[in-house]
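So our numbering is basically just the index in the sequence shown, starting at one, shifted up by 11.
Note that beta-carbon positions come from the ideal geometry of N, C-alpha and C, so glycine has one too.
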Amino acid sequence: MSKIGEFLKEAGVFFLATADGSQPKLRPLGAFIERDGRVIFGVGDFKAVYRQLTVNPLCEVVACKKDGHWLRYTGKAVFETDPSCAEEMIRTAGLEAIYNETTGNKLAAFHLEDATAVDIAVMGEGVSLL
Numbered sequence: 012m013s014k015i016g017e018f019l020k021e022a023g024v025f026f027l028a029t030a031d032g033s034q035p036k037l038r039p040l041g042a043f044i045e046r047d048g049r050v051i052f053g054v055g056d057f058k059a060v061y062r063q064l065t066v067n068p069l070c071e072v073v074a075c076k077k078d079g080h081w082l083r084y085t086g087k088a089v090f091e092t093d094p095s096c097a098e099e100m101i102r103t104a105g106l107e108a109i110y111n112e113t114t115g116n117k118l119a120a121f122h123l124e125d126a127t128a129v130d131i132a133v134m135g136e137g138v139s140l141l
């Protein structure tokens, strides 16, 4: 597992920041997978967060661990074209009740490109994780 994945796993819940026009939007997430050297996140393609990322793909993921360290993972959201990424995330995160044929809801999986990731101690300097 990557250093970013390890950090997110230990934090449990992390936050995705997007922009809705000039208004910042922040929401909690908890699911990700790692595949082909990428940390992959998912959002419902029927949600505002998906529309925000398609209009402005610049986003940031922030997570905090109990030891006071926090992660700032910043980049450009690039949606996966391989549907097996979303399928794996749905399975591993137990999201089958939300994303299925009956509900019609689809999960859009994405990773960050042109990214930076920094582990920051509360009173210290940041250390790059990439």
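Starting from the C-beta of residue 31, find all residues in its chain whose C-beta is less than 8 Å away, skip the five residues before and the five after it, and write them out in chain order.
Here the question's residue 31 lines up with position 20 in the sequence shown. Within its own chain, the residues whose Cβ lies closer than 8 Å to the Cβ of residue 31, once the five positions on either side in sequence are excluded, are 59 and 63, listed in chain order.
With respect to the beta strand (DSSP E) encompassing residue 18, which residues constitute its N-terminal and C-terminal limits?
Here residue 18 corresponds to residue number 7 of the sequence shown, with the count starting at 1. Element bounds for residue 18: not the beta strand (DSSP E) but the alpha helix (DSSP H), 14-22.
Need the endpoints of the alpha helix (DSSP H) that residue 92 sits in, please.
As a first step, residue 92 must be located in the sequence shown, where it is residue number 81. Looking at the DSSP string, residue 92 is not in any alpha helix (DSSP H), and its letter there is neither H nor E.
With distances taken from CA atoms, which of 28, 50 and 35 is nearest residue 20?
Walking along the sequence shown from the start, residue 20 turns up at place 9. Among 28, 50 and 35, the Cα nearest to that of residue 20 belongs to 50.
Using the C-alpha atoms, what's the distance from residue 92 back to residue 45?
Within the sequence shown, the letter at position 34 stands for residue 45. Within the sequence shown, the letter at position 81 stands for residue 92. Roughly 15 Å between the two C-alpha positions.
How many whole angstroms separate the CB atoms of residue 88 and residue 118, which I take to be in contact at a CB cut-off of 8 Å?
Taking the sequence shown and counting its residues from 1, one reaches residue 88 at position 77. Taking the sequence shown and counting its residues from 1, one reaches residue 118 at position 107. Not really, about 14 Å apart at Cβ, beyond 8 Å.
Is the distance from the Cβ of residue 55 to the Cβ of residue 111 below 8 Å?
Counting from 1 along the sequence shown, the entry for residue 55 is found at position 44. Counting from 1 along the sequence shown, the entry for residue 111 is found at position 100. No, they are not a contact pair.
From 48, 102 and 67, pick the residue whose C-alpha is nearest to that of residue 13; which is it?
Taking the sequence shown and counting its residues from 1, one reaches residue 13 at position 2. Measuring from the Cα of residue 13, the nearest candidate turns out to be 48.
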